[in-house]
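Count the sequence shown with my numbering and you get residues 11 to 152, in order. Think of the CB as a built atom: it goes at the ideal place given N, C-alpha and C, for glycine as much as any other residue. Some notes on the structure that comes next.
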Amino acid sequence: MNEPAGTRTVVIEREFAFPAERIWRALTQPHLIEEWLMKNDFKPTVGHRFNLRGEWGGVLDCEVLTIEPQKTLAYTWNFSHEDAAFDLKSVVTFTLTPTGAGTHLRVEQAGFSPTQKQAFGGAHAGWKQFLAKLDEVLARPD
C-alpha cells in the first residue's frame with residue numbers, strides 16, 4: 011500500500027490453525043466481530059458506513075472499502091478527537107492467505123502521522139490483543 015509521505019503503518023501477522031472460510035466469517039459477521047473486536051453495525055458491502063464502539067467509550071467511524079471473500083477486507087478506521095495526536099484517519103486491511111496448516115492473517119493499519127506515537131503504539135498493542143481474542147472465538151466449536 012502506498013502511504014502519504016511521513017505516515018506510519020502498524021502491521022501484525024499471525025498464523026491461525028483454521029481455514030480462511032472460518033476466519034472470514036469472524037471478520038464479517040457482526041455478532042462475531044463484537045466478540046473479538048468491538049460492538050458494531052458492520053455489513054460486508056463495499057460503501058457501507060458503520061461504527062465500531064469500544065469498551066473505552068470511543069466510537070470509530072468506518073466505511074467498507076474492499077471485499078474479496080476469504081482473501082481481503084479493508085475499511086476506514088477513523089477516530090475524531092480534538093487532540094491531533096489522537097485524531098486518526100486510517101485504513102485497516104485484513105489479508106488472508108491459506109497455508110498448509112491453516113491461514114496466515116496480515117492486519118495492516120495505515121495512516122498514522124509521525125506525531126501520533128501514542129496512537130501508533132496503542133494500535134500495535136491493541137491488534138495483538140484483538141487477534142488473541144479472535145483466536146479464542148475461532149477455537150470454539152460452531
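Contact between residue 62 and residue 50 holds, since their C-beta atoms are separated by about 5 Å, short of 8 Å. Per DSSP, the unbroken alpha helix (DSSP H) holding residue 130 starts and ends at 127 to 149. Put simply, of 95, 24 and 71 the residue whose alpha carbon is nearest the alpha carbon of residue 107 is 24. Residue state for residue 38 is assigned as helix, using DSSP reduced to three classes. With distances taken between CA atoms, residue 17 lies nearest to 125 out of 134, 138 and 125.
Counted as a single uninterrupted DSSP element, the beta strand (DSSP E) harbouring residue 60 occupies residues 59 to 63. Look at the beta carbons and you see the region 50 to 60 not touching the region 127 to 144: under three pairs across the two are nearer than 8 Å. When DSSP states are grouped into helix, strand and coil, residue 111 belongs to the coil group.
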